[in-house]
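**Student:**
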Amino acid sequence: MVGAHLGRLTRSASGAPRLYAEALRRDDIHPPEERTVVNAQDNARTTETAGERSAPRGDGIVIAIDGPSGSGKSSTARGTARAREMRYLDTGAMYRALTWWVLHNGVDATTADAAAVARLAAQPVITMGTDPTDPTVRVDGTDVAEDIRSPEVTSGVSAVSAVPEVRERMVALQRDIIAEARRDSGGIVVEGRDITTVVAPEAEVKIYLTASAEARAERRSREVRTSDIAATRADLMRRDLFDSSRAESPLTQTEDALELETTGMSLDEVIALVVKLADEASGEVVPSTGAV
Ligand SMILES: Nc1ncnc2c1ncn2[C@@H]1O[C@H](COP(=O)(O)OP(=O)(O)O)[C@@H](O)[C@H]1O
Ligand SMILES: Nc1ccn([C@@H]2O[C@H](COP(=O)(O)OP(=O)(O)O)[C@@H](O)[C@H]2O)c(=O)n1
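Counting from 3, one number per residue, gives the positions in the sequence shown under the numbering used here.
Shown next as structure tokens:
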């Protein structure tokens, strides 16, 4: 199992291995910018970004990250993809894009019946740009990157993403993007709620990212510049409950994903740890044998 030698591992309540921050105090984990280039292939990659790379490599790995809202999935996935020159896929942005489309067509996603949502969600072409320095999301060619972060979309997205036809369509698209990244690049970091369980259970690195509800609410409040941490926390809890209790592909923590508890860790520390796991999984670093 990836990461078993990286730090102090214990078992969480679900039985999943849990990696604590103590691992970061070990000498062999560096922030991404200090990461040493470990082979010639890596060296060649330093001059281009993941999005620009043209030469097919065919040895790309997949890093799958799931977790609740505000646990740091997007920032960690993006940072890791940038550090390792991989592609990056924010699957939440895809469900948000479809939710935007539903609202754009005058339908309230939270009250509409599932059949109406499914019909509408089948219509537009969703296009995802996977360069981690400039990820894009388009609906029928319209750039919706900003609009999909609106409170209206955030309120409706859990209802839209619970519709089976919506998931079927998005998962197929996600798998296509992953297959292409495996074939043509250094691989891809994919984050969401069902990546380790449904979209890419075969991923070389599987992580369940988490943090305390307080830490997540504080992070999100800082991000959206509100001082009402209690309201932010309530919104996170509402969405987490919906996402983890729905019938279709609920957010779940499985035994074969490494739980990374990030309360008290900085983003750079988390990224450094995931980069380290990825380096090991792709054979770029010889695993150390000491502490477990
Ligand atoms: N380990 C961390 N420490 C402090 N802030 C963090 C950490 N990880 C993420 N953040 C910040 O928390 C906010 C939410 O992170 P994000 O990556 O959007 O989470 P998610 O994708 O899981 O909802 C962002 O502003 C991000 O910069
Ligand atoms: N793989 C995924 C990703 C997101 N989603 C849904 O999309 C919503 C928005 O995802 P997001 O990653 O943008 O969420 P946050 O970053 O706001 O926490 C989630 O609350 C889920 O309802 C999903 O069902 N499956």
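Yeah, the Cβ is synthetic: ideal placement off N, Cα and C, and Gly gets one too.
Leaving out five residues on either side along the sequence, give the residues of the same chain with a beta carbon under 6 Å from the beta carbon of A123.
**Tutor:** L100, V168, listed in sequence order.
**Student:** Tell me the DSSP secondary structure of R47 in three-state form.
**Tutor:** Note on R47: pLDDT 26, under 50, position unreliable in the model; the coordinate value appears next. Correct three-state label for R47: helix.
**Student:** Measuring only between beta-carbons, confirm whether P134 sits less than 7 Å from chain C.
**Tutor:** The question asks about chain C, but that chain is absent: this structure has only one protein chain.
**Student:** So the candidates are A205, E220, R248, S163; which of them puts its Cα closest to the Cα of A181?
**Tutor:** Out of A205, E220, R248, S163, A205 has the C-alpha closest to the C-alpha of A181.
**Student:** What residues in its chain sit with their C-beta under 7 Å from that of I31, if we drop five residues either side in the sequence?
**Tutor:** At I31 the pLDDT is 36, less than 50, meaning the model places this residue with poor confidence and gives no usable figure here.
**Student:** When the Cα of S247 is compared with those of V64, P203, A164, which residue comes out closest?
**Tutor:** The candidate whose alpha carbon is nearest that of S247 is A164.
**Student:** In three-state DSSP terms, what is D133?
**Tutor:** In the structure shown, D133 sits in coil (DSSP, three-state: anything other than H, G, I, E or B).
**Student:** With three or more C-beta pairs closer than 8 Å as the rule, is the stretch 125–142 touching the stretch 90–99?
**Tutor:** Short answer: they touch.
**Student:** Please name the residue in A66, G72, I67, D68 whose C-alpha comes closest to that of A217.
**Tutor:** Checking every option, the nearest Cα to that of A217 belongs to G72.
**Student:** Find the nearest neighbour of S284 within the set R221, R86, A117, judged by alpha-carbon distance.
**Tutor:** Selected option, being the one with the closest Cα: R86.
**Student:** Where do the N-terminal and C-terminal ends of the beta strand (DSSP E) with R89 fall, by residue?
**Tutor:** Looking at the DSSP string, the run of the beta strand (DSSP E) that includes R89 is 89–92.
**Student:** Under three-state DSSP, which class holds V191?
**Tutor:** V191: strand per DSSP, three-state reduction.
**Student:** Between S223, D145, D245, T112, which has its C-alpha nearest P126's C-alpha?
**Tutor:** Closest by alpha carbon: D145.
**Student:** Residues in its own chain within less than 8 Å of T49 by CB, not counting five upstream and five downstream?
**Tutor:** Residue confidence is low: T49 scores 24 on pLDDT, short of 50, so the model does not pin down where it sits. Its coordinate-derived value is still stated next. Once the five neighbours on either side are set aside, T49 has no close Cβ partner at all.
**Student:** Can you list, in chain order, the residues of its chain with a C-beta nearer than 7 Å to that of R98? Leave out the 5 residues immediately preceding and following it.
**Tutor:** Closer than 7 Å at Cβ, skipping near neighbours: I150, V155, V159.
**Student:** Where DSSP assigns a beta bridge to K208, which residues make up the other side?
**Tutor:** According to DSSP, which records beta bridges pairwise, K208 is partnered with A66.
**Student:** Cutting at 6 Å between CB atoms, please list the residues of its own chain near A66, excluding the five before and the five after it.
**Tutor:** Closer than 6 Å at the Cβ level, and outside the excluded window around A66, lie V192, I197, T198, A202, A205, K208.
**Student:** For V141, which residues does DSSP report across the bridge?
**Tutor:** Paired residues: I128, T144.
**Student:** Taking the C-alpha atoms as reference points, what is the distance between A116 and V162?
**Tutor:** Taking the straight line joining both Cα atoms gives about 8 Å.
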